[in-house]
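Colleague: A single structure is presented below for examination.
Quick look at the structure:
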């Protein structure tokens, strides 16, 4: 919907448009007049021009005759004077002044019209000019022009009125337009009325006739009766009723789109006459409902309309009908008009309506949808007058004060609860009780009495008032009395009142809790409530209040206070008679609880009151152990002073001293030492062995505890011992002293303290290791430095493996420690192990570059051999390592490149065998003998191809001038070795590398057994090697010394042979043999040699008697081939 600002803007815009329209009308008239003058001044003398000039001159002449006696032959009598006129002019303007009308007349009487209208009419008749700035003049001229049948003037007036019509004048203009038949004005006004129908008032229609208004209403709305009633036009209402006589009930009781009834509209307009007509003539239903679900009476009361309500009550409407949404009766609604919530006049009028409703027997006990009666509503609205009327004793009407709402609230509860209550002295509540209101109302779900509810909501004054009228011993479904609730809410005044009026103080809640009211007061730390119980006990016989009852968890009020930390309640409860040694549900005494709450003052107080200092908790913890855990120095001192046991273990088996040290409570530990505690305290250790507190402190990395024990005089050198039955694992057998343990865990401060107090630095464990051995193995540099600085350290002690501290340093690559040992003992590096290996050998075998560099830096022998059967030099060991820097550093340090071991292998052989390309590269770059052979005559290439190390093969072929055709003791060159025993996964790649690096490699040379590389590969079934060799020109017919060829060597199938023949790219080299390679016939003068032109084998004529062209070789004429090749060439390898 448009806002008010938008409406104002639109109205301003419309006003501007109307002003512009008026200006355009004036301009049009002026333009028309100027046109006539211009036409009269035209000098054109043709026929049409003469005629036009005559007309123009005639018009101008007529205009000059206005108000002049020249040629005048008739006068016009106006209300104030007589004006001269001319019959021909009047006759030309209208048929009303035709010749027979004016023939015998000398005067026309216009005295019945307004003088201004007469002047304007005469002026227009003569000049066509009229001033229509005023709506009243335009309206009168419109009527006059209709009277004298002057359509021109009528059009001018109509246009002027259209431009000036407004919401307030549209109805008046509509009436005039209807009267004179001004269709345009009528249509425009009709549209304006439709648009602004809701903005029109009865005053706008007061001058419209009933018939016309009824006609317009029927055209404008579907509910003309409602519109007529809204406009308060009784005559129109009557016309509507008369016209719809056959369906009066339906029309009179129908609802408008806004949900209103005609009768309701009439009463809202204060029209008693129309309302009376609708009731008596139209049969309107006085109890009808609006669309909002309200009767007319309810609607009137909601609006505060006493006039309508009074009329309906006088006419006998039903006073007990309810709203359809909330089920409120008229009486409910009247009770909401309190003096606080409405103005004085409305309050007074609605009170009068309420009294009349009660007088007409309105039911005061009817409940709305929430279950509220009028009395409930009046109390909630604080409508005192209506409360008085409802509670007054009247004939035939009695208010039930005990009706409950759907949320189980009664009138008495509302009267006692804010914001509805009048507060002390609760006069309304007292009146309700006098009128029969029940004070012991019980909530059906919770079992709470009204007193429970007030206490739960902390309405203490109201609850105290009600204690005089209700049962104080009632228990709700939670097992609570009102005293329980008062104690839990801290309502001390209410608690005192309840106790004084006899409420039982020792009732315990349901079996799941068993709490007394005193428990609840303690739980919430309400000191004032506890004091109320003490005061009550003091003035009553003993046993009235039991301060030692326990709840379901075994807690008395005193133990509960301590467990919750409410220490200020403890003296109060003891004063009331609480037992100082009572245990709670967790089987703790009050002393235990005070200590756990870290309340030293209370704990010492309990001890002074005779609390048992040796009592144990359910977890077997003594007060001393608890005091240590809670860091209570004063309590520990108090317990020790009173003679508590200092060696009793806790539930974990720990002695008090260890408990203090473990939690770093050195002040408490000092107290214990001062009172004579054992600082060794031998006890169970790992796997059942025996250990001192010092062992345990070191093992658990508790340095401060260990240092405290050392300074307190504990045993410094004893190792752990087996248990009584020999228990204990490695810890019981390792014989490690505290100093060993410090070196193992890196506890520098503890070690320093031990040495400072005289611990033995040369003590050995079960492996004969000193603390220095252990420190080196665990890389604790600071500890190593401290031990090496000790004047009594022995660096020659060997462990069970024979290692001195220096050897241990090298094993763990601790070069710094080794250097420090050398500075203290220069000959420490001269040592060989049981297998003849020195430190350099071992470092190389471990790939320990750091140790190697360190040993090289101290100038050890870089060519020293291992003292075993192989006599391996360090360079050979480095050649087997993946770390290239090892061999390069050895070479730089002077290692001999071509030194040989016992098998005559050089470092290059070892590197080729292990596939360490970096080592091969380093050796070649530094001038190693690449053609050196081992005891079997193999050079490095033989070994590399045999082991399948392609990267090494590439390095040897590309980075050296190695003789790749050299043969070993078996007459095998590297290619023979590749085909004889090469690795399946790399053989093909190595062969391809051979052909790439050595295109003219002699691939058909035989070994000592006459085997060519192709025959060796074929015998191993190496198809890929065979194809590559054949492709590069290998002889297919070559045979070894045993006469084997690829044709007569038996594989599982001949598929490989046939495929080689089928894929043969060119004619194979011819084989040489003294026998036919197919049938074995010996060649002679009579038996000539022939060759298969396809496979190149040496054959007799009978074995080569097939002729076929070999197209793939470019041989188009038939040539001699063997039977095998013939079949392959004819049908292919797959079919064969």
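Residue numbers (this note's numbering): 8 to 1143. No residue lacks a Cβ here, since even glycine has one placed at the ideal position from N, Cα and C. If you're wondering where the values come from, they're calculated on a predicted model, not measured in any experiment.
1. For residue 676, which residues from the same chain have a beta carbon less than 7 Å from its beta carbon, with the 5 sequence-adjacent residues on both sides left out?
2. Just to confirm the assignment, what range does the alpha helix (DSSP H) spanning residue 393 have?
3. Among 506, 558, 531, 497, whose alpha-carbon lies nearest the alpha-carbon of residue 519?
4. So, at 6 Å on beta carbons, what are the nonlocal neighbours of residue 97 in its own chain, with the 5 sequence-adjacent residues on each side left out?
5. Which residue comes first and which comes last in the alpha helix (DSSP H) that contains residue 681?
6. Give the secondary structure of residue 1126 by DSSP, where H, G and I count as helix, E and B as strand, and everything else as coil.
7. Give the straight-line distance between the Cα atoms of residue 1025 and residue 915, rounded to the nearest whole angstrom.
8. For a test of the three-state rule: what should DSSP assign to residue 660, helix, strand or coil?
9. Buried or exposed: which applies to residue 1059, given that a residue is buried once 16 or more other Cβ atoms fall within 10 Å of its Cβ?
10. Note down, in chain order, each residue of its chain lying with its Cβ closer than 6 Å to the Cβ of residue 239, except the 5 sequence neighbours on either side.
11. When the Cα of residue 111 is compared with those of 100, 1112, 124, 94, which residue comes out closest?
12. Restricting to Cα atoms, I'd like to know which of 577, 243, 129, 563 is closest to residue 1151.
13. Report the three-state DSSP secondary structure of residue 116 (helix, strand or coil).
14. Can you list, in chain order, the residues of its chain whose CB lies under 6 Å from that of residue 2, leaving out five sequence neighbours each side?
15. Please list the terminal residues of the continuous beta strand (DSSP E) segment that includes residue 90.
16. Counting only runs that start and end within the stretch 886-923, where is the alpha helix (DSSP H) found for 4 or more residues in a row?
17. Would residue 1032 and residue 985 qualify as a contact pair, given that the criterion is a beta-carbon distance under 9 Å?
18. State yes or no: is the C-beta of residue 433 within less than 9 Å of the C-beta of residue 388?
19. Could you tell me whether the stretch 923-930 touches the stretch 870-889, using the rule of 3 or more Cβ pairs below 8 Å?
20. Give a yes or no on whether the C-beta atoms belonging to residue 149 and residue 178 are separated by under 9 Å.
21. With H, G and I counted as helix, E and B as strand and the rest as coil, what does DSSP make of residue 548?
22. Using a Cβ-Cβ cut-off of 7 Å (strictly less than) and excluding sequence neighbours within five positions of residue 251, which residues of its own chain qualify?
23. What three-state label does DSSP hand residue 442 in the structure shown?
24. Could you round the C-beta distance between residue 227 and residue 201 to whole angstroms and report it? I think they count as a contact, below 8 Å.
25. Give me, in chain order, the residues of the same chain whose beta-carbon lies closer than 7 Å to that of residue 1142; leave out the 5 immediate sequence neighbours on both sides.
26. Check residue 756 in the structure and name its three-state DSSP category.
27. For residue 803 and residue 773, what's the separation of their Cα atoms in angstroms?
28. Measure from the alpha carbon of residue 831 to the alpha carbon of each residue in 854, 861, 800, then state which is nearest.
29. Run the CB neighbour count on residue 606, radius 10 Å, all protein chains shown included, and call it buried at 16 or more, exposed below.
30. Nearest by alpha-carbon distance to residue 758: which of 841, 781, 775, 739 is it?
31. Compare the Cα-Cα distances from residue 942 to each of 948, 911, 921 and report the closest residue.
32. Tell me the rounded alpha-carbon separation between residue 599 and residue 798.
33. Quick check on the DSSP output: what are the complete alpha helix (DSSP H) runs of length 4 or more inside the stretch 464-491, in order along the chain?
34. Between residue 448 and the ligand NAD, is the CB less than 8 Å from at least one heavy atom?
35. Skipping 5 residues on each side, what residues in its chain have a beta carbon closer than 6 Å to that of residue 817?
36. If you measure between the beta carbons of residue 462 and residue 501, is that distance less than 9 Å?
Modeller: Checking against the coordinates, here is how it stands:
1. Taking the first residue of the chain shown as 1, we reach residue 676 at position 669. Cβ neighbours of residue 676 beyond the five flanking positions: 664, 667, 668, 715.
2. Walking along the chain shown from the start, residue 393 turns up at place 386. Per DSSP, residue 393 belongs to the alpha helix (DSSP H) from 391-398.
3. Counted from its first residue, the chain shown places residue 519 at position 512. Comparing C-alpha distances from residue 519 to each of 506, 558, 531, 497 shows the shortest one belongs to 558.
4. For this step, residue 97 is matched to residue 90 along the chain shown. Its chain contains 104 as the residues whose beta carbon lies nearer than 6 Å to that of residue 97, once the 5 sequence neighbours on both sides are disregarded; these appear in chain order.
5. Within the chain shown, the letter at position 674 stands for residue 681. Its alpha helix (DSSP H) spans residues 673-681.
6. By 1-based counting over the chain shown, the position of residue 1126 is 1119. Note: residue 1126 maps to strand in three-state DSSP.
7. Counting from 1 along the chain shown, the entry for residue 1025 is found at position 1018. Counting from 1 along the chain shown, the entry for residue 915 is found at position 908. Answer to the nearest angstrom: the Cα atoms are 31 Å apart.
8. The residue you call residue 660 lines up with position 653 of the chain shown. Coil.
9. As a first step, residue 1059 must be located in the chain shown, where it is residue number 1052. Classification of residue 1059: exposed, given that the 10 Å Cβ count is below 16.
10. Within the chain shown, residue 239 is the residue found at index 232, counting from 1. Once the five neighbours on either side are set aside, the close Cβ partners of residue 239 are 209, 276, 278.
11. Position 104 of the chain shown, counted from the start, is the residue given in the question as residue 111. Taking only the C-alpha atoms, the option nearest residue 111 is 94.
12. Here the chain has residues from 8 to 1143 only, and residue 1151 is not among them.
13. Position 109 of the chain shown holds residue 116. Residue 116: strand per DSSP, three-state reduction.
14. Examination of residue 2 is not possible in this model, given that the chain is present from 8 through 1143 alone.
15. Sequence index remark: in the chain shown, residue 90 carries index 83 (1-based). First-last of the beta strand (DSSP E) with residue 90: 89-92.
16. Runs of the alpha helix (DSSP H) lying entirely within the stretch 886-923, each at least 4 residues long, are 891-899, 914-921 in chain order.
17. Stepping through the chain shown from its first residue, residue 1032 is reached at position 1025. Stepping through the chain shown from its first residue, residue 985 is reached at position 978. Yes, the pair counts as a contact, with Cβ atoms nearer than the cut-off.
18. In the chain shown, counting from the first residue as 1, residue 433 sits at position 426. In the chain shown, counting from the first residue as 1, residue 388 sits at position 381. It is not a contact, given that the beta carbons lie outside the stated cut-off.
19. Proximity of the stretch 923-930 to the stretch 870-889 meets the contact definition, three or more beta-carbon pairs being nearer than 8 Å.
20. The residue you call residue 149 lines up with position 142 of the chain shown. The residue you call residue 178 lines up with position 171 of the chain shown. No Cβ-Cβ contact shorter than 9 Å links residue 149 with residue 178.
21. For the purposes of this step, residue 548 is taken as residue 541 along the chain shown, with counting starting at 1. In the structure shown, the three-state DSSP call for residue 548 is coil.
22. Start at 1 with the first residue of the chain shown, and residue 251 comes out as number 244. A distance below 7 Å between beta-carbons, with the five flanking residues on each side excluded, links residue 251 to the following residues of its chain, in chain order: 258.
23. As a first step, residue 442 must be located in the chain shown, where it is residue number 435. Note: residue 442 maps to coil in three-state DSSP.
24. On the chain shown, residue 227 is found 220 positions in, with the first residue counted as 1. On the chain shown, residue 201 is found 194 positions in, with the first residue counted as 1. The Cβ separation is near 6 Å, so the contact holds.
25. Counting from one through the chain shown, the residue named residue 1142 turns up at place 1135. With a pLDDT of 44 at residue 1142, under the threshold of 50, the modelled position of that residue is not reliable, and the figure given next carries that caveat. If we look at residue 1142 and ignore the five residues flanking it on each side, it has no Cβ neighbours.
26. Along the chain shown, read from residue 1 onward, the residue named residue 756 stands at position 749. Here residue 756 sits in helix by DSSP.
27. The residue labelled residue 803 in the question sits at position 796 within the chain shown. The residue labelled residue 773 in the question sits at position 766 within the chain shown. About 17 Å.
28. Sequence index remark: in the chain shown, residue 831 carries index 824 (1-based). Closest option to residue 831, judged by alpha-carbon separation, among 854, 861, 800: 800.
29. To locate residue 606, count along the chain shown from 1; it is residue 599. The C-beta of residue 606 has 16 or more other C-beta atoms within 10 Å across all chains shown, which makes the residue buried.
30. As a first step, residue 758 is located in the chain shown; it is residue number 751 there, counting from the start. With respect to the C-alpha of residue 758, the residue from 841, 781, 775, 739 having the closest C-alpha is 781.
31. Working through the chain shown from its first residue, we reach residue 942 at position 935. The residue among 948, 911, 921 with its C-alpha nearest the C-alpha of residue 942 is 911.
32. Residue 599 sits at position 592 when you count from the first residue of the chain shown. Residue 798 sits at position 791 when you count from the first residue of the chain shown. Rounded to whole angstroms, the gap between the alpha carbons of residue 599 and residue 798 is 54 Å.
33. Those alpha helix (DSSP H) runs which fall completely within the stretch 464-491 and span 4+ residues are 467-473.
34. Although the ligand NAD was asked about, the structure shown includes no ligands whatsoever.
35. Position 810 of the chain shown, counted from the start, is the residue given in the question as residue 817. Cβ within range, chain order: 825, 846, 858.
36. In the chain shown, the residue the question calls residue 462 occupies position 455. In the chain shown, the residue the question calls residue 501 occupies position 494. Yes, they are a contact pair.
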